[in-house]
Amino acid sequence: MSPVDYSIVWGYPLPLGGYADTESENADTIAENIACFETLCRENEIEYKVHKEEEGSIADIIKKETRFADLLIISGSLFYNDADSEEPGYYMRHTLHEAECPVIILPDHYECPVSNILAYDGSADSVYAIKQFAYLFPEWCNRKTYLVYANAKNKDIPDRELIEELARRHFPYLSMDKLEFDPDKYFNTWVTDKENAIIVTGAYERSYLSELVKKSFIAETIEDHRFPIFIAHQ
Amino acid sequence: MQKILFVTNATFINASAMEFAAYMAKQNHAKLVGVFLENLKYKPYPEVKKVLGFPFVEEITAEAEENPETRQAIENNIDFFRNYCAQQDIVGIIHRDKGTPIESVIEESRYADLIITDAATSFSYHEESVPTRFVKEMLMEAECPVIIAPERFEDIDEVVLCYDGSKSSVFAIKLFTYLCPSFAGKDITLLHIQENENDHVDARDKVMEWLKIHYTSVSIQLLFGEAGEALFRTFLGRSDKLLVMGAMGRSSISNFFRQSTAELLLEAVDTPVFIAHV
Numbered sequence: 006m007s008p009v010d011y012s013i014v015w016g017y018p019l020p021l022g023g024y025a026d027t028e029s030e031n032a033d034t035i036a037e038n039i040a041c042f043e044t045l046c047r048e049n050e051i052e053y054k055v056h057k058e059e060e061g062s063i064a065d066i067i068k069k070e071t072r073f074a075d076l077l078i079i080s081g082s083l084f085y086n087d088a089d090s091e092e093p094g095y096y097m098r099h100t101l102h103e104a105e106c107p108v109i110i111l112p113d114h115y116e117c118p119v120s121n122i123l124a125y126d127g128s129a130d131s132v133y134a135i136k137q138f139a140y141l142f143p144e145w146c147n148r149k150t151y152l153v154y155a156n157a158k159n160k161d162i163p164d165r166e167l168i169e170e171l172a173r174r175h176f177p178y179l180s181m182d183k184l185e186f187d188p189d190k191y192f193n194t195w196v197t198d199k200e201n202a203i204i205v206t207g208a209y210e211r212s213y214l215s216e217l218v219k220k221s222f223i224a225e226t227i228e229d230h231r232f233p234i235f236i237a238h239q
Numbered sequence: 003m004q005k006i007l008f009v010t011n012a013t014f015i016n017a018s019a020m021e022f023a024a025y026m027a028k029q030n031h032a033k034l035v036g037v038f039l040e041n042l043k044y045k046p047y048p049e050v051k052k053v054l055g056f057p058f059v060e061e062i063t064a065e066a067e068e069n070p071e072t073r074q075a076i077e078n079n080i081d082f083f084r085n086y087c088a089q090q091d092i093v094g095i096i097h098r099d100k101g102t103p104i105e106s107v108i109e110e111s112r113y114a115d116l117i118i119t120d121a122a123t124s125f126s127y128h129e130e131s132v133p134t135r136f137v138k139e140m141l142m143e144a145e146c147p148v149i150i151a152p153e154r155f156e157d158i159d160e161v162v163l164c165y166d167g168s169k170s171s172v173f174a175i176k177l178f179t180y181l182c183p184s185f186a187g188k189d190i191t192l193l194h195i196q197e198n199e200n201d202h203v204d205a206r207d208k209v210m211e212w213l214k215i216h217y218t219s220v221s222i223q224l225l226f227g228e229a230g231e232a233l234f235r236t237f238l239g240r241s242d243k244l245l246v247m248g249a250m251g252r253s254s255i256s257n258f259f260r261q262s263t264a265e266l267l268l269e270a271v272d273t274p275v276f277i278a279h280v
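Those sequence lines, one after another, are chains A and B. Quick note on numbering: this note's numbering labels position 98 of the first sequence as 103, and the sequence is numbered without any gaps. Quick note on numbering: this note's numbering labels position 51 of the second sequence as 53, and the sequence is numbered without any gaps.
Have a look at this one:
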């Protein structure tokens, strides 16, 4: 129900958020990238603005810009392509950690999602992400939505009545799925059967994803299935 | 916004808070969940009993519900809630939570978009100052924002967004904006609070850039120094405004408001206050 519907930015891969190393990257490349961004925005009649941040560390810039933004969209290839760095995935982790608004990690090749997959584990983070997604993408709430609880030990969905009451109100076409398998091993197989979706999840490498689906889950899902991932944390 | 919790003591319902909750539900086409809390941990009046001549105080008991007067009061309050919702044409449902009230409400808050309550909501059998301990704990722990309902209320004409550059103040502004799009057309004031006039501008251009995307009519008001008191005077008796602020007790805004001022604001001012914490 937000007055700005962010689904409009979909379908236009915005060249935002590249971790250009300004010192080694040549100024022409940066100018070219900005021009490319501007052209795409104009062609698609999107109001735009370029913020050129030249001072301060990347962490500070991310923090400041995301504090005053509704959503950050970043390229998924950064997830594994910062090979220069001594610690693979460092930038991505850092960005997700510092961001003060939700983040969408976009695969390089994707199709526009037609459904939503809400990864729920009963934690505050997973519910926070579901709520933020609903607030930012009211239009997408009317799509087929799978609320998924994966647990190999066949436990019941935590607080089932409460989460259902909340989710059904936001997502009218909701199905609640309890998956009785180890999400670590089989989540990707399960996802294969689904139509193009966006995956909504709580903080990366804090609770759900670290313990339950591990780091490889995001990378694999983005790579194999070309699904975008919406991540939010408090 | 789809799911609003109206949090009340099951044995006592504040009719003006109920009226405000119904207004918010209607404005935003949300479902209103009446959370009727019963404190079963303690009896309303602990009794000193004697067993074999030794006095002891009986604490944990579930007798409260069995007390016919209490039961009747709860039934009446639930009927009041139901009838009021039906009258106002909003979807109202009842959650009866028995146990420790603060724990129940925190669990419920995870699965809700907003809480509306009365600053005097209490489960203590002693008289308490306002806001009560229960309300303060809720403001700090709730996993969704809370609106403290005003004592008197007619309509909201203006939304005042408190901003001090902190993460928490911006978080509250964003959340309010997402939850209440129906207020997008109202007059919006960004109340920029600075400790003193020499402070840097605190990214005001960035917050204004964001606000202008979301709202049509935004003005800025600056407050310096003892702003808490100034704010208090500005809002005294203004039930036509809604105040949006970052959390108490966790952020810089709270230091700014100094606890006594924030409490004064909640106690004596008829302004509804929306509070969220990161």
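Glycine included, every Cβ here is placed at the ideal spot set by N, Cα and C. Bear in mind that the values here come from a model prediction, so they are computed numbers and not experimental data.
For S253(B), does the three-state DSSP call read helix, strand or coil?
-> Only weak support is given to the placement of S253(B): the predicted model assigns it a pLDDT of 46, under 50, and the value that follows is read from those uncertain coordinates. S253(B): coil per DSSP, three-state reduction.
CA-CA distance, D189(B) and E130(B)?
-> One C-alpha to the other measures close to 36 Å.
Pull up the distance between the alpha-carbon of H216(B) and that of A186(B), whole angstroms please.
-> Computed Cα separation, rounded: 7 Å.
So with Cβ pairs under 8 Å, would you call Y11(A) a contact of chain B?
-> Low per-residue confidence applies at Y11(A): pLDDT is 49, beneath 50, and the placement is therefore not dependable, though the value from the model is reported in the following sentence. At a cut-off of 8 Å between beta-carbon atoms, Y11(A) makes no contact with chain B.
Taking all protein chains shown into account, decide if E110(B) is buried (16 or more other Cβ within 10 angstroms of its Cβ) or exposed.
-> Buried, by the Cβ-count rule.
Using a Cβ-Cβ cut-off of less than 9 Å, give me the residues of the stretch 23-40 of chain B that come near chain A, in sequence order.
-> Of all residues in the stretch 23-40 of chain B, those with a C-beta nearer than 9 Å to a C-beta of chain A are N30, H31, A32, K33, V35, reading in chain order.
So which of P274(B), K33(B), S170(B) has the shortest CA-CA distance to C106(A)?
-> Out of P274(B), K33(B), S170(B), S170(B) has the C-alpha closest to the C-alpha of C106(A).
Which residues of chain A have a Cβ atom closer than 7 Å to the Cβ of Q4(B), listed in chain order?
-> By Cβ distance, chain A contributes R174, H175.
Does the Cβ-Cβ distance between V162(B) and L193(B) come in under 8 Å?
-> Contact flag set, yes.
Regarding D75(A) and the ligand ADP, is the C-beta to nearest heavy atom distance less than 7 Å?
-> Among the components of this structure there are no ligands whatsoever, and the ligand ADP is therefore not found.
Given a limit of 9 Å on CB to CB distance, which residues of the stretch 71-83 of chain A reach chain B?
-> Those residues of the stretch 71-83 of chain A that come within reach of chain B (Cβ to Cβ, closer than 9 Å) are R72, F73, A74, D75.
Contact with chain B by L167(A), beta-carbon distance below 8 Å = Yes, its Cβ sits closer than 8 Å to a Cβ of chain B.
Are the Cβ atoms of D182(A) and G127(A) separated by less than 8 Å?
-> In this structure, D182(A) lies away from G127(A), with their beta-carbon atoms at least 8 Å apart.
For Q4(B) and K33(B), believed in contact at Cβ under 8 Å, the rounded distance = About 6 Å separates the two Cβ atoms, so the contact holds.
Within-8 Å CB hit, V132(A) to chain B | Cβ-Cβ to chain B under 8 Å: yes for V132(A).
Given a cut-off of 8 Å, decide if V37(B) and F83(B) are closer than it, judged by their beta-carbon atoms.
-> Contact: no.
Mind pulling the chain B residues with CB within less than 7 Å of A237(A)?
-> Correct list: empty, because the minimum Cβ distance to chain B is about 12 Å.
Between F178(B) and F22(B), is the Cβ-Cβ spacing less than 8 Å?
-> Contact check for F178(B) against F22(B) fails: the beta carbons are separated by 8 Å or more.
State the CB to CB distance for the pair I236(A) and T206(A), rounded to an integer number of angstroms; the pair is presumed to be in contact (CB under 8 Å).
-> Between I236(A) and T206(A) the beta-carbon gap is near 6 Å, inside 8 Å, which marks them as a contact.
Hey, does V172(B) have any beta-carbon neighbour from chain A nearer than 8 Å?
-> Proximity of V172(B) to chain A, defined by a Cβ-Cβ separation below 8 Å, is satisfied.
Using the rule of at least 16 other Cβ atoms within 10 Å of the residue's Cβ for burial, across every protein chain shown, is F14(B) buried or exposed?
-> Counting Cβ neighbours within 10 Å, F14(B) comes out exposed, since fewer than 16 surround it.
Buried/exposed call for H31(B), threshold 16 Cβ in 10 Å | H31(B) counts as exposed, since fewer than 16 other beta carbons sit within 10 angstroms of its beta carbon.
Kindly indicate if chain B contains any beta-carbon less than 8 Å away from that of L141(A).
-> Yes, because at least one Cβ of chain B sits closer than 8 Å to the Cβ of L141(A).
Output, in sequence order along the chain, the residues in the stretch 92-118 of chain B whose CB is closer than 8 Å to any CB in chain A.
-> Answer in chain order: E109, E110, R112, Y113, A114, D115.
Could you tell me which of I135(A), Y140(A), I63(A) sits nearest to A104(A), measuring between CA atoms?
-> When only C-alpha atoms are compared, the closest one is I63(A).
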